[in-house]
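Here the structure comes first, spelled out in structure tokens, and everything after it is commentary.
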Amino acid sequence: MQKSLIFFAGVDARSRDDLKRILPIPEGSLPVQYLGVPLISTRLEAQDCATLKEKIMRRIQVWPNQTSAILFTLLKRG
């Protein structure tokens with residue numbers, strides 16, 4: 014899996030080709046996702062962040078159970 018990609022915006026074809034020839038980095042295309050959120054050139058909408066929101070909500074819902082287990086363990090010891 015490639016770790017780096019190069020993206021072009023507002024660059025003429027000749028400059029883009031020159032850079033691609035010089036740099037050993039493949040050209041990427043959008044949309045790319047980072048933490049489940051698409052990296053786009055327009056304003057993010059709520060639906061663009063839905064995946065990230067779901068992941069955060071799942072983690073938050075686990076917290077009360079983890080806290081209860083820790084408290085139970087501490088009370089049991091005491």
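Residues 14 to 91 (this note's numbering) make up the sequence shown, in order.
For glycine and all other residues, C-beta sits at the position ideal for the given N, C-alpha and C.
Item to check | Simplified DSSP state of LEU36, which is helix, strand or coil | outcome: The residue labelled residue 36 in the question sits at position 23 within the sequence shown. Correct three-state label for LEU36: coil.
Next on the checklist: Let me check one thing: in DSSP terms, what residues is PRO51 bridge-paired to?
Outcome noted: Residue mapping note: residue 51 aligns to position 38 of the sequence shown, counting from 1. For PRO51, which the question treats as bridged, DSSP gives the partners GLN46.
Checklist entry - Assuming PRO44 and ILE35 make a contact with CB atoms under 8 angstroms, what is their CB distance in whole Å? => result Within the sequence shown, the letter at position 31 stands for residue 44. Within the sequence shown, the letter at position 22 stands for residue 35. With a Cβ gap of about 26 angstroms, PRO44 and ILE35 do not count as contacting.
Item to check | Beta-carbon gap between LEU32 and GLY49 smaller than 9 angstroms | outcome: Stepping through the sequence shown from its first residue, residue 32 is reached at position 19. Stepping through the sequence shown from its first residue, residue 49 is reached at position 36. No, they are not a contact pair.
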